[in-house]
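Number of protein chains: 2
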Amino acid sequence: MSESLFPERTDKAGIEEGEILQPKFDENGLIPCITVDDATGDILMVAYMNEEALDHTLKTRKATYYSRSRKKLWVKGEASGLTQQVVDLYVDCDQDVVMIRVRVSGEGCCHQGFRSCFYRRVTDPETHRLEFTQERVFDPKAVYGK
Amino acid sequence: MSESLFPERTDKAGIEEGEILQPKFDENGLIPCITVDDATGDILMVAYMNEEALDHTLKTRKATYYSRSRKKLWVKGEASGLTQQVVDLYVDCDQDVVMIRVRVSGEGCCHQGFRSCFYRRVTDPETHRLEFTQERVFDPKAVYGK
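Chains as they are written, first to last, in our numbering: chain A, 1 to 146; chain B, 147 to 292.
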């Protein structure tokens, strides 16, 4: 990567108590992003952003991630129509995680057809059994064509 | 690591639509965990768990992470008293992120004295200026002694 799109990381005080975004990208150039439904407060998904995705998200207000499987920028909803309009972007204390609050167009965000990717909870610590906590809100085959 | 504490990962259908927890630990043996305040729905923090931390969290219902800086298991609140009682543990579609809903004892969870680690939001995509969105709820020096 050539010149950074974001300010350099300074010291602990600057990072944790400062008023300038200094995001930490990991060894793969990525930062995790938690996406929250601004209307309900529900956590919808977790994905990753590289510098370009974070910059694009901030400037266009369209949630934009980096797809690790497809190895390219991923403007959420380009394929599915399930776009995410960014209301606010937060950063955590040590600036190695971002969190966006979004307005979702369409019925959900998970490629499995659920409103949120967190649709199962553990019911037993020994058997590791999962319970579904959501109903499907759309047909993934119809939306994603696969 | 010797024998795994969790079921082996199967195929896409098993992982995404199955009813058995099959968590994916990354190349460092860690899985990210989002911690949510069960009372308010606010995202409190993001930390990492290794197999042992996830197992300990499920079995004791005390939120337990792996500290990457201290390189050891970290039962949240052992030092600060700000413990987290786990109400539910969710996993996302591809099972590479977990999310816990917790009851917090004490006034917050961030070592900076805020209730949540996400206390700043970006106000300008060009200058990258941050705005504080929370007030400190405790004195970190008094709680952490530093």
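Just so it is clear, CB atoms sit at the ideal spot from N, CA and C, and this is done for glycine as well.
Run down chain B in chain order and give the residues with a C-beta less than 7 Å from the C-beta of residue i.
i	result
A/TYR90	PHE264, ARG266 and ARG267
Report the CB separation of residue i from residue j in whole angstroms; it is logged as a contact under 8 Å.
i	j	result
B/ALA199	B/THR210	5 Å
A/PHE118	A/ILE43	6 Å
A/GLU131	A/ARG121	6 Å
A/PRO32	A/VAL97	5 Å
B/PRO169	B/GLN241	5 Å
A/ARG103	A/ALA39	7 Å
A/GLY41	B/GLY187	4 Å
A/TYR144	A/HIS111	6 Å
Look up residue i in the DSSP assignment and give the residues it is bridged to.
i	result
B/ARG267	A/TYR90 and B/GLU277
A/SER67	A/LYS72
A/ILE43	A/VAL36
B/TYR194	B/PRO178
A/VAL143	Answer is none; A/VAL143 lacks a bridge partner.
B/VAL250	B/GLN230
A/VAL98	A/CYS33 and A/VAL91
A/ILE20	B/ARG275
B/LYS208	B/GLN231
Give the interface partners of residue i over in chain A, defined as CB-CB distance under 7 Å, in chain order.
i	result
B/GLY105	The structure shown does not extend to residue 105 of chain B, since chain B spans only 147 to 292, so no value can be given for it.
B/ARG282	Result: empty, since nearest Cβ-Cβ is about 10 Å, beyond 7 Å.
B/ARG275	GLU19 and ILE20
B/PRO271	LEU58 and LYS59
Along chain B, in chain order, which residues have C-beta atoms closer than 8 Å to that of residue i?
i	result
A/VAL143	Going along chain B, no residue has its Cβ under 8 Å from A/VAL143, so there is no contact; the nearest lies around 14 Å.
Between the options, which lies nearest to residue i when the distance is taken from Cα to Cα?
i	options	result
A/PHE114	B/SER213, B/GLY175, B/ASP238 and B/GLY291	B/ASP238
B/GLY252	B/ALA225, B/MET245, B/TYR236 and B/LEU204	B/ALA225
B/HIS274	A/SER4, A/THR10 and A/GLU19	A/GLU19
A/TYR90	B/TRP220, B/MET191 and B/LYS205	B/MET191
Run through chain A and tell me which residues come within less than 8 Å of residue i, C-beta to C-beta.
i	result
B/ILE180	ILE34, ILE43 and VAL46
Notebook entry, point to check: When Cβ atoms are compared, which residues of the stretch 150 to 165 of chain B fall closer than 9 Å to chain A?
Noted result: The residues in question are PHE152, PRO153, GLU162, GLU163, GLY164 and GLU165.
Next item on the list: Taking a Cβ distance cut-off of 7 Å, strictly less, list which residues of the stretch 222 to 255 of chain B are near chain A, in chain order.
Entry: Going along the stretch 222 to 255 of chain B in chain order, one finds ASP234, LEU235, TYR236, VAL237, ASP238, CYS239, VAL243 and MET245 with a Cβ nearer than 7 Å to chain A.
Checklist line | Chain-ordered residues of the stretch 41 to 60 of chain A with a beta carbon less than 8 Å from chain B | finding: Only GLY41, ASP42, ILE43, MET45, VAL46, ASP55, LEU58 and LYS59 from the stretch 41 to 60 of chain A bring a Cβ to less than 8 Å from some Cβ of chain B.
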